[in-house]
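Take 1 as the starting number for the sequence shown in UniProt numbering and just add one per residue. First up is the structure itself, then whatever we jot down about it.
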Amino acid sequence: MRKQRPDPVEVEEQEERPSKSQLKREMHALQALGETLIAMRPAERARFPLSDDMLRAIEETARIRSHEGRRRHMQYVGKLIRKEDLTAIQGVFDSIDQEQEQRDHAFHRLEKWRERLIDEGDEAVDLFMTEHPDADRQTLRQLIRNAQREREEGKPPTSSRKLFKHLRETLAL
Numbered sequence: 001m002r003k004q005r006p007d008p009v010e011v012e013e014q015e016e017r018p019s020k021s022q023l024k025r026e027m028h029a030l031q032a033l034g035e036t037l038i039a040m041r042p043a044e045r046a047r048f049p050l051s052d053d054m055l056r057a058i059e060e061t062a063r064i065r066s067h068e069g070r071r072r073h074m075q076y077v078g079k080l081i082r083k084e085d086l087t088a089i090q091g092v093f094d095s096i097d098q099e100q101e102q103r104d105h106a107f108h109r110l111e112k113w114r115e116r117l118i119d120e121g122d123e124a125v126d127l128f129m130t131e132h133p134d135a136d137r138q139t140l141r142q143l144i145r146n147a148q149r150e151r152e153e154g155k156p157p158t159s160s161r162k163l164f165k166h167l168r169e170t171l172a173l
């Protein structure tokens, strides 16, 4: 009696299923996402919509000291993260990235103001004061003079840093 063979898989069906390598890449990506979540501070992690099982697994990671145990636990975290709402998690990551971009942009604006204040002096102070009338003009001018003197003498930019800090506090960033 001949062995019955299964019907051959059609080419179209075969293309629809992901390959074993693709599945492994996806699992490694989920593990990496889990490692990213584990590396975050609890306050940052609280923004993510994570299940109780996932949160317990993340907290348990801190107790594991063995390299092999940690590797197995990360596989478990990768398995758990498959059940999570990945679009919502990605949305939180996107919002964090957007907030970081806004902070970077604000700091670049501050750096430009600092350089402009040091280079142009009183003219730039007047412009800055029209945009930010609650700023302390006297402190600002003193920090600018000190930063200009440091720059001329080739000293470390201590006053320039103080000026940046003062601008950041003035603009509440």
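Ideal Cβ positions, reconstructed from N, Cα and C, are used throughout, including at glycine.
With a threshold of 8 Å on Cβ separation, who are the neighbours of residue i within its own chain once the five nearest residues in sequence on each side are excluded?
i      : result
Arg132 : Correcting the residue identity first, residue 132 is His in this sequence and not Arg. The answer, listed in chain order, is Thr170, Leu171.
Arg137 : Val125, Met129
Pro49  : Glu84, Asp85, Ala88, Ile89, Val92
Leu110 : Phe164, Leu167, Arg168, Leu171, Leu173
Answer with buried or exposed for residue i, where buried requires no fewer than 16 other C-beta atoms within 10 angstroms of its C-beta.
i      : result
Glu84  : buried
Ala147 : buried
Ser159 : buried
Gly154 : exposed
Ala32  : exposed
Gly34  : buried
Arg114 : buried
Ala88  : exposed
Leu117 : buried
Arg17  : exposed
Within the same chain, show all residues whose beta-carbon is closer than 7 Å to that of residue i, passing over the 5 residues directly before and after it, in chain order.
i      : result
Arg47  : Val92
Thr139 : His166
Ile64  : Arg70, His73
Asp53  : Leu80
Leu143 : Ser159, Lys162, Leu163, His166
Gly121 : Ile144
Taking the alpha helix (DSSP H) that residue i falls in, what are its first and last residues?
i      : result
Arg109 : 86-120
Gly78  : 67-81
Phe164 : 158-170
His132 : Note, His132: premise wrong, no alpha helix (DSSP H); not H, not E.
Trp58  : According to the sequence as given, residue 58 is Ile; it is not Trp. Run containing Ile58: 52-61, per the alpha helix (DSSP H) assignment.
Met40  : Counting along the chain, Met40 falls outside any alpha helix (DSSP H), and DSSP gives it neither H nor E.
For residue i, which residues from the same chain have a beta carbon less than 6 Å from its beta carbon, with the 5 sequence-adjacent residues on both sides left out?
i      : result
Gln100 : none
Gln22  : none
Does the Cβ of residue i lie closer than 6 Å to at least one heavy atom of the ligand MN?
i      : result
Glu120 : For the ligand MN, the structure offers nothing, since it holds no ligand at all.
Next item on the list: Pair every Cβ in the segment 94-106 with every Cβ in the segment 157-166, then say whether three or more of these pairs are closer than 8 Å.
Entry: no
Checklist line | Cβ contact (3+ pairs, closer than 8 Å) linking the segment 74-83 and the segment 25-40 | finding: yes
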